[in-house]
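Numbering-wise, my numbering comes out as the position in the sequence shown, counting from 1, plus 81. Note that the Cβ used here is the ideal one computed from N, Cα and C, for glycine as well. This one's a predicted model, so the numbers in the text were calculated from it and none came from an experiment.
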Amino acid sequence: MHEQELRVRVGYQEDFPPFVGSGPAGPQGLAVDILTAAFEKLGIDAGWVHLSLAGQIPALRNGDVDMLACLGVTAERQNEVVFGEPIIQTGGALFTLQERPTELARIVTPSTGPLVAATQAAYPTCSVLEADNYPHALSLVIEGRADAAALNFHVGSQIAEREFPQRFTLPDTTFHTVHLAPAWAPSHDDAFRNAITGVLAAMRPLKNP
Numbered sequence: 082m083h084e085q086e087l088r089v090r091v092g093y094q095e096d097f098p099p100f101v102g103s104g105p106a107g108p109q110g111l112a113v114d115i116l117t118a119a120f121e122k123l124g125i126d127a128g129w130v131h132l133s134l135a136g137q138i139p140a141l142r143n144g145d146v147d148m149l150a151c152l153g154v155t156a157e158r159q160n161e162v163v164f165g166e167p168i169i170q171t172g173g174a175l176f177t178l179q180e181r182p183t184e185l186a187r188i189v190t191p192s193t194g195p196l197v198a199a200t201q202a203a204y205p206t207c208s209v210l211e212a213d214n215y216p217h218a219l220s221l222v223i224e225g226r227a228d229a230a231a232l233n234f235h236v237g238s239q240i241a242e243r244e245f246p247q248r249f250t251l252p253d254t255t256f257h258t259v260h261l262a263p264a265w266a267p268s269h270d271d272a273f274r275n276a277i278t279g280v281l282a283a284m285r286p287l288k289n290p
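So this is what it looks like as structure tokens:
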């Protein structure tokens, strides 16, 4: 790698626990731990940049960051970014209210998340609504504008309990497997990506929390 690549701007979703998020001391989470270990092996000084869910891919493609820490791999996103090897395995699940079990007709999911197409495929008779982010999706269920929220199993469980404690039935199964992987813009330095990918492959970090 070249000298200028020893300092890398890494974008991460600011509220995606337990994988990435902003904590009192800076970025934290499983993906941060995995990538930090890889950066240390390569002597890379990472500058972490927190981003919204919707702001991740635009920031990457605009050159505001050099890579994204972890992004859900989808066929649609593969047209926009270059993924590295997956580092985490998780999945999409449905979140419904405890006090209002109902037959599903309307499912909401973040519009820029990886579950829009997967939800449509898994529940073809349901209307799929789009929300801005996880709290917004959950709030639409609270308000009765949707019957369930399709969210990441692990992230949705944490955010549901944080934002709306004891209101949602937390799922025990997933309807769609999602792999999280580092991502680069279509125009990037192959040597840098290959170096990171090689170290991660040697570490064998793929985890299913």
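Who are the near neighbours of P167 in its chain, counting only those whose CB is closer than 7 Å to its CB and skipping five residues on each side?
Correct list, in chain order: V154, H260, L261, A262, L287.
Rounded to a whole number of angstroms, what is the C-alpha to C-alpha distance between F176 and T250?
Distance between the alpha carbons of F176 and T250 is about 6 Å.
Quickly, what does DSSP pair F176 with across the bridge? List them, please.
The partner list for F176 (beta bridge, DSSP) reads A230.
Could you tell me if Q170 is buried or exposed, where buried requires 16 or more neighbouring beta carbons within 10 angstroms of its beta carbon?
With fewer than 16 Cβ atoms within 10 Å of its Cβ, Q170 is classed as exposed.
Quick one, which of F100, V91, H269, L134 has its alpha-carbon nearest A193's?
The residue you asked about is not Ala; residue 193 is Thr in the sequence shown. That would be L134, whose Cα lies nearest to the Cα of T193.
In the DSSP assignment, the alpha helix (DSSP H) including I188 goes from what residue to what residue?
Where I188 is concerned, there is no enclosing alpha helix (DSSP H), although the beta strand (DSSP E) it sits in stretches over 187–191.
From I277 to T190, what does the alpha carbon distance come to, in whole angstroms?
Rounded to whole angstroms, I277 to T190 spans 31 Å at the Cα level.
Taking the C-alpha atoms as reference points, what is the distance between F120 and R187?
About 43 Å.
For G110, is the classification buried or exposed, using 16 other Cβ atoms within 10 angstroms of its Cβ as the cut-off for buried?
So G110 ends up on the buried side.
Just the Cα atoms here: how many angstroms apart are S27 and G107?
Since the first residue shown for the chain is 82 and the last is 290, residue 27 is missing from the structure and cannot be characterised.
I'd like to know whether the C-beta atoms of I240 and L210 end up nearer to each other than 9 Å.
No, these two residues do not count as a Cβ contact at 9 Å.
Just mark G225 as buried or exposed, buried being the case when its beta carbon has 16 or more other beta carbons within 10 Å.
With fewer than 16 other Cβ atoms within 10 Å, it is exposed.
Suppose the cutoff is 7 Å on Cβ atoms and the five residues either side in sequence are ignored; what does the same chain contact list for W129 look like?
These residues qualify, in order along the chain: V91, Y93, G107, P108.
By Cβ distance, which residues of its chain are closer than 6 Å to A140, with the 5 residues on each side in sequence left out?
Result list for A140: G92, L132, V146, in chain order.
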